[in-house]
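Participant: Shown below is the structure under consideration.
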């Protein structure tokens, strides 16, 4: 959507969403049709054009794109999408009540067919020259690590995972004993200081287990 010239017949909005990545096979479109963007698109489409959107000629103007591609299974606390709607629906955030109404409608719809999968956090209109891929540049990742306390327990969990393992399977990295988050953090800090390690850095992994 970055290269599209300003179209007076549409209005563009920046949407902020959170979602459970384990519920989707992909984030962007072009895969199975059941990704994060696919679900959000269908939710917006139904709210504006009903269950048979193709009979409305304005439906073709509805477009939705992510700020960047994200690996399958990655959860988002706050991720950006750009949404283009026909000018007739260009009042999504005209007032605080309008915004609240659309957010409530979309979130209620999602909860009816995919409880807990996604939530629309916020929206606001953007200028015609706004590019979601260039202007949404900041990303912060958080990793949940479950470091097993000893090797006997690790070997046991490989054969028979506990209920805790089932609970955390999609939400934390289960790591063998010996991994130190503190040492990893210290190592990452080195790459932030260009004077210490100048040049280009490619890191496959800080820690590899062969057991």
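In this note's numbering, the protein residues as written are -7 to 203. C-beta atoms are modelled at their ideal positions from N, C-alpha and C, and glycine is treated no differently. Every value quoted in this text rests on a predicted model; they were computed, and no experiment measured them.
For the 8 Å Cβ check, are there 3 or more pairs between the stretch 92 to 101 and the stretch 67 to 78?
Facilitator: Cβ pair count under 8 Å is below three, so no.
Participant: Give me, in chain order, the residues of the same chain whose beta-carbon lies closer than 8 Å to that of residue 109; leave out the 5 immediate sequence neighbours on both sides.
Facilitator: Here residue 109 corresponds to residue number 117 of the chain shown, with the count starting at 1. Closer than 8 Å at Cβ, skipping near neighbours: 11, 12, 15, 16, 31 and 102.
Participant: Using the Cα positions of residue 64 and residue 19, report the straight-line distance between them to the nearest angstrom.
Facilitator: Working through the chain shown from its first residue, we reach residue 64 at position 72. Working through the chain shown from its first residue, we reach residue 19 at position 27. Going from the Cα of residue 64 to the Cα of residue 19 covers about 6 Å.
Participant: Is there contact between the stretch 130 to 139 and the stretch 165 to 179, where contact requires at least three CB pairs shorter than 8 Å?
Facilitator: The stretch 130 to 139 is in contact with the stretch 165 to 179.
Participant: Please report how far the alpha carbon of residue 178 lies from the alpha carbon of residue 135, in whole angstroms.
Facilitator: Taking the first residue of the chain shown as 1, we reach residue 178 at position 186. Taking the first residue of the chain shown as 1, we reach residue 135 at position 143. Whole-angstrom Cα-Cα distance: 16 Å.
Participant: Identify the residues that DSSP records as bridge partners of residue 2: which are they?
Facilitator: In the chain shown, the residue the question calls residue 2 occupies position 10. DSSP lists 78 as partners of residue 2.
Participant: For the stretch 76 to 164, which segments carrying the beta strand (DSSP E) assignment without a break, of at least 3 residues, lie completely within its bounds, in sequence order?
Facilitator: You should have 110 to 117 and 137 to 139.
Participant: When the Cα atoms are used, what is the spatial distance from residue 36 to residue 119?
Facilitator: Translated into positions along the chain shown, residue 36 becomes position 44. Translated into positions along the chain shown, residue 119 becomes position 127. So the alpha carbons of these two residues sit roughly 21 Å apart.
Participant: Quickly, what does DSSP pair residue 208 with across the bridge? List them, please.
Facilitator: Nothing about residue 208 can be read from this structure; the chain reaches only from -7 to 203.
Participant: Count the other C-beta atoms from every protein chain shown that fall within 10 angstroms of the C-beta of residue 79, then say buried if there are 16 or more, exposed otherwise.
Facilitator: Numbered from 1 along the chain shown, position 87 holds the residue referred to as residue 79. Flag for residue 79 reads exposed.
Participant: Going by CA-CA distance only, name the one from 38, 27, 28 and 122 that's closest to residue 100.
Facilitator: The count along the chain shown starts at 1 and reaches residue 100 at position 108. The shortest Cα separation from residue 100 among 38, 27, 28 and 122 belongs to 38.
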